Amino acid sequence: MRLVDNLVFKALSDPNRRQILKLLGDAPLSAGEISREFDLALSTLSGHFKLLKEAGLIREEKKGNHIFYSLNTSVLEETLNLMMEIFKKDKPNIRNIKQEGS
Numbered sequence: 001m002r003l004v005d006n007l008v009f010k011a012l013s014d015p016n017r018r019q020i021l022k023l024l025g026d027a028p029l030s031a032g033e034i035s036r037e038f039d040l041a042l043s044t045l046s047g048h049f050k051l052l053k054e055a056g057l058i059r060e061e062k063k064g065n066h067i068f069y070s071l072n073t074s075v076l077e078e079t080l081n082l083m084m085e086i087f088k089k090d091k092p093n094i095r096n097i098k099q100e101g102s
């Protein structure tokens, strides 16, 4: 697995980061709009944004004094495809294990 894949899975492992992605599913939002949905310190949210950006899951755009975040759907699609490939490759092995155990 590539380093980027590992970062994506690390980013997705946290429920707060998954909620951020869910919020961004409809439209880009400012950091302030996102922060109102959480009972977290701004520094904590900033860390979540940083990891999501490093994983390539979100994009950041500065407009005046505001920072807007949006989903990077291409990385999400790549991740889903990777997961499907992983499970497709493992499927025959699972069948063999079941047959051997019978």
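Position one of the sequence shown corresponds to residue 1 (the UniProt record's numbering), numbered consecutively onward. From the three backbone atoms N, C-alpha and C, an ideal C-beta is built for every residue, glycine too. A quick note: this is a predicted structure, and the numbers were derived from the prediction, not measured.
Pair within 8 angstroms by beta-carbon distance, residue i and residue j
i, j, result
"H48", "R17", "yes"
"L21", "L71", "yes"
Residue span of the beta strand (DSSP E) that contains residue i, given as start and end
i, result
"R36", "Element bounds for R36: n/a, residue is neither H nor E."
"S70", "66–71"
N-terminal and C-terminal residue of the alpha helix (DSSP H) that residue i is part of
i, result
"G47", "42–54"
"L21", "15–23"
Where residue i falls: helix, strand or coil (DSSP)
i, result
"L29", "strand"
Buried or exposed (CB count within 10 angstroms, at least 16 for buried), residue i
i, result
"L57", "buried"
"L40", "exposed"
- Stretch pair the region 8–17 + the region 50–62: three plus CB contacts closer than 8 angstroms: Cβ pair count under 8 angstroms is three or more, so yes.
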